[in-house]
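**Q** Structure below; questions to follow.
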Amino acid sequence: MGAVVTIDPADLLARLIACPSVTPEEAGALDLLQAELEAIGFAVTRLRFEGDGSYPVDNLFATRGQGGRRLLFAGHTDVVPPGDTAHWTSDPFEPRIADGKMFGRGAADMKSGIAAFVAACAAIPPEAGTICLAITNDEEADAINGTEKLVAWMNENGHAFDFAIVGEPSSTETLGDSIKIGRRGSFSGKVTVTGTQGHVAYPHKANNPLPVLAAVATALSSERLDAGTEHFPASNLELTTIDVGNPVSNVIPMSGTLRFNIRYNDIWTPETLADWVRARIDSVDARGTRIDFALAGAPSRAFLSPLGSDVETLSAVIAERNGRPPEYSTGGGTSDARFIAEYGPVVECGLVGPSMHKADEHIALSDLTGLAEIYTAFMRRFFGSAS
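Position in the sequence shown counted from 1, then plus 6, gives you the working numbering.
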């Protein structure tokens, strides 16, 4: 039986918060984790990915154990900027404890999740099975040289997994009241309508693109995409801006643009959405103008994890702790779980997150301890008698 080392998740979280790891600067957070993980028997590999139009990113992969079932924990050490520190009660990168809560940037999103699963891993004997950790420092911004490339590297190097847990905040009001079994996709686009500039007093010598642009906006926003599915709400398209850039009132502008975003369920793919958008645009009378449509950034695909026995085990562990099972949710925005879902089943299970990205971001210390206990209890059942 291998030695079991105790790690205090609150102490680890405090030290992680003290690393000002605003994307993509890891600021010592990965060094700290490497030392902690090596001390409990993990082999750690540091991977730096770059290119594809984005900044270089440091990532960490760790593994312990051989054979048996394979569990993956994943998360990110990077945080959003603190904003105007005048709105914080204290320095956002100096962890502060008050009223049973820990304050600091990244406390909720999501250094607490990492602290909890590292502490839980320490409580599991090394011979129980194989545990892998995939930790990036690029989730809050481009997400190009982070988890997507990290899990691809894992796949290429034989690091498969049977089940994965991402420690993102997933609870709504109380710890464990919700876990995420999928996420909607995100699809952004830009439509430009180009006409002919001219004087407003001589409209016959110009071709105003704005009525056409308005018709495109109506065409895109007036038709419902779908009615939702068993696990997903209805997809929704939102117009986010309409821009002309015309500072005067006596000139018919040459062109105008609109941008939109679609949050979509598992009925759609980026390809079928693009076809739907083009069909809606084609339904508009162009009136001699030119209408151009282009994607804005890379779409994020929707995913839904298989609801197998491991999800049921996690749900049972939470139900025993809380007296009721968690809700299976697909709400919210996108997360790095979408990249992991391409290689195996994944859920998001973490703390309550209303304060994330806000001033005085915080978590309840009792929830942090509780999350580590949930992870530990799950692993004992996942790995069986050896744990």
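Glycine included, C-beta positions come from ideal geometry on N, C-alpha and C.
Treat the numbers as computed from the prediction; the structure is a model and nothing was measured.
If you measure between the beta carbons of R101 and A33, is that distance less than 8 Å?
**A** The amino acid occupying residue 101 in the given sequence is Pro; Arg does not appear at that position. No, the Cβ-Cβ distance between P101 and A33 is not below 8 Å.
**Q** Distance check for E133 and M7, CA to CA, integer angstroms please.
**A** Low local confidence applies: a pLDDT of 49 at M7 is under 50, so the model's placement there is unreliable, with the coordinate-based value given in what follows. Spanning the two alpha carbons is a distance of roughly 7 Å.
**Q** Between S315, G359, A370, which lies nearest to A170 when the distance is taken from Cα to Cα?
**A** Checking every option, the nearest Cα to that of A170 belongs to S315.
**Q** Thinking C-alpha only, which one of L374, D64, Y381 is nearest E145?
**A** The option with the nearest alpha carbon to E145 is D64.
**Q** Would you call A16 buried or exposed, if buried means 16 or more other Cβ atoms sit within 10 Å of its Cβ?
**A** Buried, because 16 or more other Cβ atoms sit within 10 Å of the Cβ of A16.
**Q** Would you kindly work out how many angstroms separate the C-alpha atoms of M385 and F266, rounded to a whole number?
**A** Approximately 42 Å, taken between the alpha carbons.
**Q** Alpha carbon to alpha carbon, how far is A207 from N256?
**A** Taking the straight line joining both Cα atoms gives about 8 Å.
**Q** According to the neighbour-count rule (16 or more other Cβ atoms, all chains shown, within 10 Å of its Cβ), is T83 buried or exposed?
**A** Buried.
**Q** Which residues does DSSP list as the beta-bridge partners of S335?
**A** Per DSSP, K186.
**Q** Between which two residues does the alpha helix (DSSP H) containing V157 stretch?
**A** Residues 153-162.
**Q** Could you please give me the residues that DSSP links to R296 through a beta bridge?
**A** T200.
**Q** Return helix, strand or coil for L374, following the three-state DSSP convention.
**A** Correct three-state label for L374: helix.
**Q** Is A304 near the ligand FAD, in the sense that its beta carbon is under 7 Å from a heavy atom of that ligand?
**A** This structure lacks the ligand FAD; in fact it carries no ligand of any kind.
**Q** For P215, count the other beta carbons within 10 Å of its own beta carbon; 16 or more makes it buried, fewer makes it exposed. Which is it?
**A** Flag for P215 reads buried.
**Q** Once the 5 residues before and after N161 are set aside, which same chain residues still bring their CB inside 6 Å of it?
**A** Y349, listed in sequence order.
**Q** Rounded to whole angstroms, what's the CA-CA distance from A121 to L18? Just pull it up for me.
**A** Going by the C-alpha atoms only, they are around 6 Å apart.
**Q** Would you list the residues sitting across from F85 in a DSSP beta bridge?
**A** Here residue 85 turns out to be Val, not Phe, going by the sequence shown. Answer by DSSP bridge pairing, in chain order: V28.
**Q** Could you check what DSSP says for I380 in three-state terms: helix, strand or coil?
**A** It is helical.
**Q** What is the DSSP secondary structure of H93, reduced to helix, strand or coil?
**A** It is helical.
**Q** Sorted by chain position, which residues of the same chain lie with C-beta nearer than 8 Å to A325's C-beta, five sequence neighbours on each side aside?
**A** Once the five neighbours on either side are set aside, the close Cβ partners of A325 are P331, P332.
**Q** Quick check: the Cα distance between V124 and T295, rounded to an integer number of angstroms?
**A** Cα-Cα distance, rounded: 59 Å.
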